[in-house]
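> In my numbering, the protein residues as written are 9 to 544. Below is one structure. I have some questions about it.
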Amino acid sequence: MVTTEQQTGSFSDLGLQPDVVRAAEEVGYEEPTPVQRQAIPLLLEGRDVLVQSQTGTGKTAAFALPMIQRVDPEERAVQGLVLAPTRELAVQVAETVHKLGKYRHISDLPIYGGQPYDRQLRALKRGVQIVVGTPGRVMDHIRRGTLNLDAVRMVVLDEADQMLDMGFIEDIEFILDETPKDRQIALFSATIPPRIRGLAKRYLHDPATISITSERLTVPEVKQEYVETGRDGKLEALTRILDMELPESAIIFVRTKREADELGETLVGRGYGAEVIHGDLGQAQRERAIAGFRDGRADILVATEVASRGLDIPDVSHVLNYDIPLDPEAYVHRIGRTARAGKSGTAITFVTPREWGLLKTIERLTRVKLERIPIPTNADIRERRVQVLRDALCHTLENEELERYASMLDGLTDQYGAGAVAAAAVKLLLDEEADLPEDDVEPEPEPGAERLFIRAGRKQGVSARDLVGAIANGAGIPGKDIGPVDIYDNFSFVGVPRRDAGRVIDALTRSGIRGRSVPVKVAVPEEKRPQRTGRR
Ligand code: AMP
């Protein structure tokens, strides 16, 4: 039984103007996520907000959309400032701002350490309206007189807890003191420890507090599994899972309309029977897609969340969360599409290392631990095909009239024996679909290493040996695959194989280092160490 009702609503209901809504739709967002629903109206009103929300919840657009709307496109001065802990995040946020600001013709600029000053200077001189930067470099520009914040109306502190962990507190305070007293501040943080509360108390005026948590949810009797993949390996993992599971009927959920179209086309191109539904399709098109799915012409339905809602979609054997839902409540709604009326059902969720936190939130809310399944190897799939063929042969032997076929082979069975003839027939059958390469290794979910950020360092008594030991023992990864390790005063970084990142995060969070649990997440690799230029 599903107990919660999903809230719906559109971006324009939140008070966003058509040129902003249009950009959001073009990026492929169909409707606001919970953090967007709550934060956007408050930010448009001009309120200060303190938001507890993780990466992956849509938090970037939650501040970018109102910021874009509040910037005056005619005024060529910095009106919006976003501070982010790392270069990579700053670049990502700036890209989002750029896309969402397209129809308001807002000019934006990422500024971060490691990039030549002159390029940033030229852009700043042209009159940038939104700056997204790392604290160290933003402070440098202010000191050099190349960045003036007198016209700033809105400041966002993104991933504030990580910025404090990286020692940016003084830089942030310096920067905030350079902005007008009546500017609006939005503080986004995955966790709200006392230091964040202190910062909020000092700088935010009567802030509204938003926390993206949900009530406990009841989950139907569904086998719930997950696979770990990198972004690049996702499609391959999906097709292997489809080949292995051979679902009678499956819904594959994706995040955006564009992804739905792309994945649908790719699957059809690879010979799967797939239909697509999303919010841009007219009623007639959607009905046609559903009809195709219902009468079995297609056994796969690729859908976005919104399109699937309220539609009479038949019960399915499999729900595949190709994109893990941003809203954990949506997870429960999605998997409620299977295992209805006492039937069994399987839900498989794809998790990339960055989305590990979302998986954990889902597990917390549903109080169910999802079981990790490996990505099937080609050998697994070949074995499965043989098994399916054997089952089909048994069924035919037991249920069909075979006299006529046996007589076709009379001469052959006399000459070679029935067993050999049957083996040759099987070879021909299997060869027909022998499109699997010989390599039987499990596909690398994503090659390469992931750098993890660990919120404990030298001052907490952490040494490189402890860290490697905890990872090797806790997650079962050979020491030679771990590294490089960088230990700082209050935090550390460690490289681990990308495909093991989720497991390492889990192990360290659970068992900790030297018996102490420590927060760990995928680091956003930037300035390999925080910029310390000009620190007081
Ligand atoms: P963030 O939490 O900002 O890192 O966002 C996580 C991912 O969700 C990004 O890939 C966004 O493009 C995507 N996203 C953000 N808002 C929405 C939305 N309303 N609908 C669908 N996807 C979204």
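Don't be surprised by glycine CBs; every beta carbon is placed ideally from N, CA and C.
Give a yes or no on contact between the stretch 265-282 and the stretch 31-46, applying the rule of three or more CB pairs nearer than 8 Å.
They touch, by the three-pair rule.
> Check whether the stretch 472-485 and the stretch 423-443 are in contact - that is, three or more C-beta pairs closer than 8 Å.
no
> Within 7 Å: the Cβ of residue 496 and any heavy atom of ligand 1?
Within the sequence shown, numbered from 1, the residue matching residue 496 stands at position 488. Flag unset: Cβ of residue 496 not near ligand 1.
> Among the candidates 436, 278, 86, 149, whose CA atom is the shortest distance from the CA of residue 191?
What you label residue 191 is simply residue 183 of the sequence shown in a count that begins at 1. Checked all of 436, 278, 86, 149; the closest Cα to residue 191 is 86.
> If residue 397 and residue 438 are in contact, beta carbons under 8 Å, what's the gap, nearest whole angstrom?
Within the sequence shown, residue 397 is the residue found at index 389, counting from 1. Within the sequence shown, residue 438 is the residue found at index 430, counting from 1. Indeed they touch by this definition, with Cβ atoms about 7 Å apart.
> Quick one: grab the DSSP three-state call for residue 113.
If you number the sequence shown from 1, residue 113 lands on position 105. In the three-state scheme derived from DSSP, where H, G and I count as helix and E and B as strand, residue 113 is classed as coil.
> For a test of the three-state rule: what should DSSP assign to residue 378, helix, strand or coil?
Here residue 378 refers to the residue found at position 370 of the sequence shown. Coil at residue 378, not helix or strand.
> Quick one: grab the DSSP three-state call for residue 535.
Here residue 535 refers to the residue found at position 527 when the sequence shown is read from its first residue. Note that residue 535 scores 45 on pLDDT, short of 50, meaning its location in the model is unreliable and no value can be drawn from it.
> Got a list of residues with beta-carbon closer than 5 Å to any non-hydrogen atom of ligand 1, in chain order?
37, 41, 63, 64, 65, 66, 67, 68, 69, 263
> Taking 8 Å as the cut-off, decide whether the C-beta atoms of residue 394 and residue 457 are in contact.
Reading the sequence shown from its first residue, position 386 is the one you call residue 394. Reading the sequence shown from its first residue, position 449 is the one you call residue 457. Going by C-beta atoms, residue 394 is not nearer than 8 Å to residue 457.
> Name the residue from 161, 482, 206 whose alpha carbon lies nearest to the alpha carbon of residue 181.
Position 173 of the sequence shown, counted from the first residue, corresponds to residue 181. The residue with the shortest Cα to Cα distance from residue 181 is 206.
> Taking DSSP as the reference, what is the three-state secondary structure of residue 485?
For the purposes of this step, residue 485 is taken as the residue at position 477 of the sequence shown. Residue 485: coil per DSSP, three-state reduction.
> Leaving out five residues before and five after residue 369 in sequence, what residues of the same chain have Cβ atoms less than 8 Å from its Cβ?
Translated into the one-based positions of the sequence shown, residue 369 becomes position 361. Only 62, 336 meet the Cβ criterion.
> Please look up how many angstroms separate the CB atoms of residue 131 and residue 117, rounded, as I've assumed it's under 8 Å.
Here residue 131 corresponds to residue number 123 of the sequence shown, with the count starting at 1. Here residue 117 corresponds to residue number 109 of the sequence shown, with the count starting at 1. About 5 Å separates the two Cβ atoms, so the contact holds.
> From residue 450 to residue 385, what does the alpha carbon distance come to, in whole angstroms?
For the purposes of this step, residue 450 is taken as the residue at position 442 of the sequence shown. For the purposes of this step, residue 385 is taken as the residue at position 377 of the sequence shown. Residue confidence is low: residue 450 scores 48 on pLDDT, short of 50, so the model does not pin down where it sits. Its coordinate-derived value is still stated next. If I take the Cα positions, the gap works out to 5 Å.
> Hey, out of 97, 154, 297, 277, whose CA is closest to residue 243's CA?
Position 235 of the sequence shown, counted from the start, is the residue given in the question as residue 243. Answer by Cα proximity: 277.
> At 4 residues or longer, and completely inside the stretch 389-470: list those alpha helix (DSSP H) runs for me, N to C.
Within the stretch 389-470, the complete alpha helix (DSSP H) runs of at least 4 residues are 411-416, 418-424, 426-440.
> Express the C-alpha separation of residue 96 and residue 204 in angstroms, rounding to a whole number.
As a first step, residue 204 is located in the sequence shown; it is residue number 196 there, counting from the start. As a first step, residue 96 is located in the sequence shown; it is residue number 88 there, counting from the start. If I take the Cα positions, the gap works out to 22 Å.
> Does the separation of the CB atoms of residue 311 and residue 285 fall below 8 Å?
In the sequence shown, residue 311 corresponds to position 303, counting from 1. In the sequence shown, residue 285 corresponds to position 277, counting from 1. Closer than 8 Å, so yes.
> Using 8 Å as the threshold, is the C-beta distance between residue 529 and residue 497 below it?
Against the sequence shown, residue 529 aligns to sequence position 521. Against the sequence shown, residue 497 aligns to sequence position 489. Result no, Cβ atoms of residue 529 and residue 497 do not sit closer than 8 Å.
> Quick check on DSSP: helix, strand or coil for residue 298?
Taking the first residue of the sequence shown as position 1, residue 298 is located at position 290. If DSSP states are grouped into helix, strand and coil, residue 298 belongs with the helices.
> In three-state terms, what does DSSP make of residue 37?
Taking the first residue of the sequence shown as position 1, residue 37 is located at position 29. DSSP places residue 37 in coil when its eight states are reduced to three.
> What residue ranges within the stretch 71-141 form continuous beta strand (DSSP E) runs of no fewer than 3 residues, ordered along the chain?
88-91, 116-119, 138-141
> So, for residue 483: in the same chain, excluding its five sequence neighbours on each side, which residues have a beta-carbon less than 7 Å away from its beta-carbon?
One-based indexing of the sequence shown puts residue 483 at position 475. 508, 511, 512, 515.
> Here's the rule I'm using: 16 or more other beta-carbon atoms within 10 Å means buried, otherwise exposed. How should residue 37 be labelled?
As a position in the sequence shown, residue 37 is number 29, starting the count at 1. By the 10 Å Cβ count, residue 37 comes out buried.
> What does DSSP give as the partner residue(s) for residue 197 in the beta ladder?
By 1-based counting over the sequence shown, the position of residue 197 is 189. BP columns for residue 197 point to 60.
> Kindly indicate which three-state DSSP category residue 156 falls into: helix, strand or coil?
Here residue 156 refers to the residue found at position 148 of the sequence shown. Here residue 156 sits in coil by DSSP.
> Using alpha carbons as the reference points, say which of 67, 88, 84 lies closest to residue 77.
The sequence position of residue 77 within the sequence shown is 69, counting from 1. For the residues 67, 88, 84, the minimum Cα distance to residue 77 belongs to 88.
> Relative to the C-alpha of residue 46, which candidate in 70, 377, 279 has its C-alpha closest?
What you label residue 46 is simply residue 38 of the sequence shown in a count that begins at 1. For the residues 70, 377, 279, the minimum Cα distance to residue 46 belongs to 70.
> Look up residue 329 in the DSSP assignment and say whether it is helix, strand or coil.
Locating residue 329 in the sequence shown gives position 321, counting from the first residue. Looking at residue 329 - three-state DSSP - the assignment turns out to be strand.
> Could you spell out the range, first to last residue, of the beta strand (DSSP E) harbouring residue 234?
By one-based count along the sequence shown, residue 234 stands at place 226. That run of the beta strand (DSSP E) goes 231-236.
> Smallest Cα separation from residue 65: which of 218, 90, 80, 290?
The sequence position of residue 65 within the sequence shown is 57, counting from 1. The shortest Cα separation from residue 65 among 218, 90, 80, 290 belongs to 218.
> Counting C-beta neighbours from all protein chains within 10 Å, is the total for residue 329 16 or more, i.e. buried, or is it exposed?
Position 321 of the sequence shown, counted from the first residue, corresponds to residue 329. So residue 329 ends up on the buried side.
> Who does residue 524 pair with in a DSSP beta bridge?
Here residue 524 corresponds to residue number 516 of the sequence shown, with the count starting at 1. Residue 524 pairs with 521.
> Count Cβ pairs between the stretch 288-305 and the stretch 236-250 that sit closer than 8 Å; are there 3 or more?
no
> Should residue 273 go down as buried or exposed, given a rule of 16 or more other Cβ atoms within 10 Å for buried?
As a first step, residue 273 must be located in the sequence shown, where it is residue number 265. Exposed is the call here.
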